[in-house]
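Q:
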Amino acid sequence: MKATRILLSACILLPVGVALTQTSCGTKTASGSTCVAPAPAPAAKAAPACASTMFATYKQAGFDAVNAQIVKLATQTSLVPAIGDSFQTDIVAASTARQTEFTTNLEDFLIVAFGGPNNYTGPSMVNAHAGLNITSAQYDAFITQVVVPALTTVGVASSDISNCFAPVVTDANFKAQFVTCQ
Ligand code: HEM
Numbered sequence: 163m164k165a166t167r168i169l170l171s172a173c174i175l176l177p178v179g180v181a182l183t184q185t186s187c188g189t190k191t192a193s194g195s196t197c198v199a200p201a202p203a204p205a206a207k208a209a210p211a212c213a214s215t216m217f218a219t220y221k222q223a224g225f226d227a228v229n230a231q232i233v234k235l236a237t238q239t240s241l242v243p244a245i246g247d248s249f250q251t252d253i254v255a256a257s258t259a260r261q262t263e264f265t266t267n268l269e270d271f272l273i274v275a276f277g278g279p280n281n282y283t284g285p286s287m288v289n290a291h292a293g294l295n296i297t298s299a300q301y302d303a304f305i306t307q308v309v310v311p312a313l314t315t316v317g318v319a320s321s322d323i324s325n326c327f328a329p330v331v332t333d334a335n336f337k338a339q340f341v342t343c344q
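Residue 163 is where the sequence shown starts when you use the numbering used here, and the numbers rise one by one after that.
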């Protein structure tokens, strides 16, 4: 998998202005991968103060429930290609041990991002998503069709979704860690 990732991530090094087809953007498995690097993200905004209180509000059980919903939705084939096919190729097709590692890492990451204890031992977001060719539209679809429905399903208050959860994951600088393809 590492070799594939290195090969695919080479696309972001291509010079701007070179005529490229973009058919492989958001597609983990395409051969001859080509994509165009997105524009640099604007400066990060400060996270709202309430973001750091979300773990205290919803506690471990709340994050367990949200995380389970995110994983369930993200791995639904019906969301391909809205969010790309990388969950299918990298997670659904992976061993049970790897699926458990991914699920644990995702939850630990969310817990840190929203004010909980730091138990995250996974890769950086840039490294975890390098070579997946995620587009801006796919990222936005992930937030609106996976993350927000997951929060809503487990009963997170809509005011908390809008005011505390959403600003963190929609911040352009945060998003830029994931999006490598226009
Ligand atoms: C379109 C959007 C996204 C796609 C397609 C995507 C896909 C993936 C995939 C396939 C992996 C596993 C990479 C590997 O093979 O090692 C991964 C890792 C990870 N993703 Fe995402 N991701 C997206 C957005 C997000 C967002 C918004 C977050 C957090 C708010 C996130 C958090 C993580 C974390 C913590 C990992 C590391 C877990 C691990 O690999 O063990 N991802 N992502």
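C-beta atoms are modelled at their ideal positions from N, C-alpha and C, and glycine is treated no differently.
For residue 234 versus residue 312, is the C-beta distance shorter than 9 Å?
A: In the sequence shown, counting from the first residue as 1, residue 234 sits at position 72. In the sequence shown, counting from the first residue as 1, residue 312 sits at position 150. In this structure, residue 312 lies closer than 9 Å to residue 234 by Cβ.
Q: With DSSP run on the structure shown, which of helix, strand or coil describes residue 342?
A: For this step, residue 342 is matched to residue 180 along the sequence shown. In the structure shown, residue 342 sits in coil (DSSP, three-state: anything other than H, G, I, E or B).
Q: Give the range of the alpha helix (DSSP H) segment to which residue 270 is assigned.
A: Against the sequence shown, residue 270 aligns to sequence position 108. 258–275 is the extent of the alpha helix (DSSP H) around residue 270.
Q: Chain C beta carbons: is any one of them nearer than 9 Å to that of residue 187?
A: The structure shown has no chain C; it contains just one protein chain.
Q: Evaluate the contact criterion for the stretch 300–320 versus the stretch 222–231: three or more CB pairs, one atom per stretch, below 8 Å.
A: As far as the Cβ criterion goes, the stretch 300–320 touches the stretch 222–231, which means the pair count is three or higher.
Q: What is the DSSP secondary structure of residue 237, reduced to helix, strand or coil?
A: The count along the sequence shown starts at 1 and reaches residue 237 at position 75. Residue 237 falls in the coil class under three-state DSSP.
Q: Are three or more beta carbon pairs between the stretch 252–260 and the stretch 197–212 nearer than 8 Å?
A: Cβ pair count under 8 Å is below three, so no.
Q: With contact counted as at least three CB pairs below 8 Å, one residue from each stretch, are the stretch 241–251 and the stretch 207–219 in contact?
A: No, the stretch 241–251 does not touch the stretch 207–219.
Q: What residues in its chain sit with their C-beta under 6 Å from that of residue 236, if we drop five residues either side in the sequence?
A: In the sequence shown, the residue the question calls residue 236 occupies position 74. Result list for residue 236: 249 and 308, in chain order.
Q: If you scan the stretch 303–333 from start to end, which runs of the alpha helix (DSSP H) of 4 or more residues do you find wholly inside it?
A: 310–315 and 328–332, all fully within the stretch 303–333.
Q: Just list the residues that DSSP pairs residue 297 with in beta bridges.
A: On the sequence shown, residue 297 is found 135 positions in, with the first residue counted as 1. Answer by DSSP bridge pairing, in chain order: 343.
Q: Measuring alpha carbon to alpha carbon, tell me which of 273, 344 and 303 ends up nearest residue 297.
A: The residue labelled residue 297 in the question sits at position 135 within the sequence shown. Taking only the C-alpha atoms, the option nearest residue 297 is 344.
Q: Look up residue 286 in the DSSP assignment and say whether it is helix, strand or coil.
A: Taking the sequence shown and counting its residues from 1, the one referred to as residue 286 is at position 124. Coil, per DSSP.
Q: With burial defined as no fewer than 16 other Cβ atoms inside 10 Å of the residue's Cβ, what is the status of residue 186: buried or exposed?
A: Position 24 of the sequence shown, counted from the first residue, corresponds to residue 186. That one is buried.
Q: How would you call residue 228, buried or exposed, if buried means at least 16 neighbouring beta carbons within 10 angstroms?
A: The residue given as residue 228 occupies position 66 in the sequence shown. Buried, since its Cβ has 16 or more Cβ neighbours within 10 Å.
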